[in-house]
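K.L.:
Residue numbers (our numbering): 1 to 352.
See below:
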């Protein structure tokens, strides 16, 4: 048995009540901290959560000097460095000193580009002092030439404990789903994806599951949707939550996963949304980023209109791809499989 401390955010995380499961609207917190911590507990290890400000409290750093205690510094939550520069600098000082006497693992699930202030200091320590744990093979290859320690690959786990039965029997309107965090370019990205769809004149329904702040952008997309396809198209928005994502996927025929071409940050994205589509038994239409290309046999990676035509013409083969994908997801992305890879990355002792 080992003790693992996951450090995320600036403040001390709340202590869950008995039977309560901690959650977060931030994907990196859920997928790279909360779910791995739960998986490691299921393997028999002790885990705890800490904020950056905890690291400067008397006694905490001394406890963390014990090499039997594993430290995992998570991806900084949005606004952490900009909003709390002094506290972040003090915490990074503590972690740098700890890294001189024992390993400090740093989770890296995207590109680190900032070179100034606490964010730049964080980037420097990840490459110079800490042991990077990355979310994909592409990120490992990207960081290996500049990292002092060889990056360790531990993918995101699925958030869906039990897979849904594979289903592909489109009837009536074709139902598409997009889910995730809505950013400035998402509306244009989805508009381009819609404009290529020509499903033999069948009506289209697009459900978008995202944060409420995107409502105005989605209303604009809905007003122009019928100008983009050769069929009636209705767009609806639902407030994001894991449960709402699950309900939307249960109603879907296709899951749209477009990514912008030419953005170097896109190549760093993880498998997680295509994994969730497969886990829910749905046919994914994904852009050819590195992580999605690894799963190309289990959906469609490439032009979404071509993927729609292929799946409609060969529904049995589409269902077979989903079923094969679910076996692959269970083997590689289940919470149990990912917890075992975290245990290996952290060199945890075997449990009975």
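Backbone N, C-alpha and C fix where the C-beta goes; we use that ideal spot for every residue, glycine too.
Figure out for me which residue from 336, 216, 290, 201 has the closest Cα to the Cα of residue 309.
P.N.:
For the purposes of this step, residue 309 is taken as residue 309 along the chain shown, with counting starting at 1. Out of 336, 216, 290, 201, 201 has the C-alpha closest to the C-alpha of residue 309.
K.L.:
Could you say which of 345, 14, 276 lies nearest to residue 166 if we only look at CA atoms?
P.N.:
Your numbering for residue 166 matches position 166 in the chain shown. Checked all of 345, 14, 276; the closest Cα to residue 166 is 276.
K.L.:
Using 10 angstroms around the beta-carbon of residue 116, count the other beta-carbons present and answer buried if the total reaches 16, otherwise exposed.
P.N.:
If you number the chain shown from 1, residue 116 lands on position 116. Classification of residue 116: exposed, given that the 10 Å Cβ count is below 16.
K.L.:
Please confirm whether residue 81 and residue 118 have their CB atoms less than 8 Å apart.
P.N.:
Here residue 81 is taken as the residue at index 81 of the chain shown, counted from 1. Here residue 118 is taken as the residue at index 118 of the chain shown, counted from 1. Yes. Within cutoff.
K.L.:
Considering only C-alpha positions, which residue in the set 261, 259, 204 is nearest to residue 236?
P.N.:
For the purposes of this step, residue 236 is taken as residue 236 along the chain shown, with counting starting at 1. Ranked by Cα distance from residue 236, the first of 261, 259, 204 is 204.
K.L.:
Taking residue 93 as the reference, give the member of 125, 6, 78, 157 with the closest Cα.
P.N.:
Taking the first residue of the chain shown as 1, we reach residue 93 at position 93. Closest by alpha carbon: 125.
K.L.:
Can the beta-carbon of residue 333 be found closer than 8 Å to that of residue 245?
P.N.:
Your numbering for residue 333 matches position 333 in the chain shown. Your numbering for residue 245 matches position 245 in the chain shown. Result no, Cβ atoms of residue 333 and residue 245 do not sit closer than 8 Å.
K.L.:
Would you mind working out which of 28, 329, 220, 316 sits nearest residue 365, comparing C-alpha positions?
P.N.:
Since the first residue shown for the chain is 1 and the last is 352, residue 365 is missing from the structure and cannot be characterised.
K.L.:
Can you grab the Cα-Cα spacing for the pair residue 54 / residue 233, in whole Å?
P.N.:
Within the chain shown, residue 54 is the residue found at index 54, counting from 1. Within the chain shown, residue 233 is the residue found at index 233, counting from 1. Each residue's Cα considered, the two are about 51 Å apart.
K.L.:
Taking only three categories from DSSP, how would you classify residue 289?
P.N.:
The sequence position of residue 289 within the chain shown is 289, counting from 1. Note: residue 289 maps to coil in three-state DSSP.
K.L.:
Three-state secondary structure (DSSP) at residue 130?
P.N.:
To locate residue 130, count along the chain shown from 1; it is residue 130. Reduced to three states, the DSSP call for residue 130 is coil.
K.L.:
Am I right that residue 286 and residue 299 are in contact with their C-beta atoms under 8 Å? What's the rounded C-beta distance?
P.N.:
Taking the chain shown and counting its residues from 1, the one referred to as residue 286 is at position 286. Taking the chain shown and counting its residues from 1, the one referred to as residue 299 is at position 299. Confirmed, Cβ separation roughly 6 Å.
K.L.:
For the 8 Å Cβ check, are there 3 or more pairs between the stretch 134-149 and the stretch 210-228?
P.N.:
no
K.L.:
So for residue 41, helix, strand or coil by DSSP?
P.N.:
Translated into the one-based positions of the chain shown, residue 41 becomes position 41. If DSSP states are grouped into helix, strand and coil, residue 41 belongs with the helices.
K.L.:
Could you give the C-beta distance for residue 163 and residue 281, rounded to a whole number, given that I count them as a contact under 8 Å?
P.N.:
Stepping through the chain shown from its first residue, residue 163 is reached at position 163. Stepping through the chain shown from its first residue, residue 281 is reached at position 281. Sure, about 7 Å apart at Cβ, within 8 Å.
K.L.:
Leaving out five residues on either side along the sequence, give the residues of the same chain with a beta carbon under 7 Å from the beta carbon of residue 60.
P.N.:
As a position in the chain shown, residue 60 is number 60, starting the count at 1. The residues are 54.
K.L.:
In whole angstroms, give me the CA-to-CA distance for residue 260 and residue 189.
P.N.:
Here residue 260 corresponds to residue number 260 of the chain shown, with the count starting at 1. Here residue 189 corresponds to residue number 189 of the chain shown, with the count starting at 1. Those two C-alpha atoms are separated by around 7 Å.
K.L.:
If you reduce the DSSP assignment to three classes, tell me which class residue 96 lands in.
P.N.:
Your numbering for residue 96 matches position 96 in the chain shown. Reduced to three states, the DSSP call for residue 96 is helix.
K.L.:
Should residue 12 go down as buried or exposed, given a rule of 16 or more other Cβ atoms within 10 Å for buried?
P.N.:
Along the chain shown, read from residue 1 onward, the residue named residue 12 stands at position 12. Residue 12 should be labelled exposed.
K.L.:
Nearest to residue 183 by alpha carbon, out of 320, 161, 214, 196?
P.N.:
What you label residue 183 is simply residue 183 of the chain shown in a count that begins at 1. Residue 214 is the option with its Cα nearest to residue 183.
K.L.:
In terms of alpha-carbon separation, which member of 145, 104, 131, 96 lies closest to residue 121?
P.N.:
In the chain shown, the residue the question calls residue 121 occupies position 121. Answer by Cα proximity: 96.
K.L.:
Taking residue 197 as the reference, give the member of 30, 79, 303 with the closest Cα.
P.N.:
The sequence position of residue 197 within the chain shown is 197, counting from 1. Looking at the Cα atoms, 303 is the closest of the given residues.
K.L.:
I'd like to know whether the C-beta atoms of residue 248 and residue 186 end up nearer to each other than 8 Å.
P.N.:
Working through the chain shown from its first residue, we reach residue 248 at position 248. Working through the chain shown from its first residue, we reach residue 186 at position 186. Contact: no.
K.L.:
Could you tell me which residues DSSP puts in a beta bridge with residue 174?
P.N.:
Numbered from its first residue, the chain shown carries residue 174 at position 174. In the DSSP output, where bridge partners are listed per residue, residue 174 has 204.
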